[in-house]
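Undergrad:
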Amino acid sequence: MEKSHTVQKDFVVNIEYILRLDNGKLVEQSEDGKPLAYLHGHGTIIPGLEEALTGKLTGETCTVTLPPEKAYGERLEDAVEWLPRAIFPPHVALESGTALQIEDGEGGIMTMYIHEVEKNRVLVDHNHPLAGETLNFSVKVVGVRPAKPEELAHGHVHDQDGEHHHTA
Ligand code: ZN
0 MEKSHTVQKD FVVNIEYILR LDNGKLVEQS EDGKPLAYLH GHGTIIPGLE
50 EALTGKLTGE TCTVTLPPEK AYGERLEDAV EWLPRAIFPP HVALESGTAL
100 QIEDGEGGIM TMYIHEVEKN RVLVDHNHPL AGETLNFSVK VVGVRPAKPE
150 ELAHGHVHDQ DGEHHHTA
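In structure tokens, the structure reads:
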């Protein structure tokens, strides 16, 4: 029988989760039989959720409610604006609902969400789609194991067989 660990920093944690908004709308959930694996204590999941999972054991469940200030912030109405179509590179597909990452001119990357596309202008929203929303997570811990040295060095989880894909 393997020693059971509590969820703690530098451990790989597997969780099954469901995320809903206050109105009950399903935002996302882990796939059946495919829990999310993440490296605890490295900021790879939303901080309020990470905090709530600390100290949990395999098999434990919890519900976590994160108000906007602990999730994606309040919605800023002036963060919605029309931009000229011409400023977008021609090869970028502009479709309503898609996220676009562009350089902000100061070496950073800015994410905006396309709302509407017209011939000469594009309505973009700089708010995260979940800004202003309260997030309700139902989570079950399905596995906890110490991270391997390579995983700690990389800051992310590798597959059981040691394979990994750096797609991010
Ligand atoms: Zn890696």
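All letters in the sequence shown, in the order written, are residues 0 to 167 by numbering that gives the first Met the number 0. Where is the CB? At the ideal position from N, CA and C, for every residue including glycine.
Does the beta-carbon of Glu-150 have 16 or more other beta-carbons within 10 angstroms, so that it is buried, or is it exposed?
TA: Buried is the call here.
Undergrad: Compute the beta-carbon to beta-carbon distance between Val-6 and Leu-38, rounded to the nearest angstrom, for a pair I have assumed lies under 8 Å.
TA: Not a contact, Cβ separation roughly 11 Å.
Undergrad: Quick test of your reading: Leu-56 and Val-140, contact by CB under 8 Å. State the CB separation rounded to the nearest angstrom.
TA: That belief holds up - the Cβ atoms of Leu-56 and Val-140 are roughly 7 Å apart, short of 8 Å.
Undergrad: According to DSSP, which residues form a beta bridge with Arg-74?
TA: In DSSP, Arg-74 forms no bridge with anything.
Undergrad: Is His-41 near the ligand COA, going by C-beta to nearest heavy atom under 8 Å?
TA: Judged by which ligands are present, the ligand COA is missing from the structure shown, whose ligands are the ligand ZN.
Undergrad: I'd like to confirm something about Glu-50: is its beta-carbon nearer than 8 Å to some heavy atom of the ligand ZN, or not?
TA: No.
Undergrad: Three-state secondary structure (DSSP) at Leu-38?
TA: Residue state, collapsed to three classes: strand.
Undergrad: In its own chain, which residues sit with a C-beta less than 6 Å from the C-beta of Val-63, not counting the 5 before and 5 after it?
TA: For Val-63, where only same-chain residues beyond five positions count, the Cβ hits under 6 Å are Leu-48, Ala-51, Phe-136.
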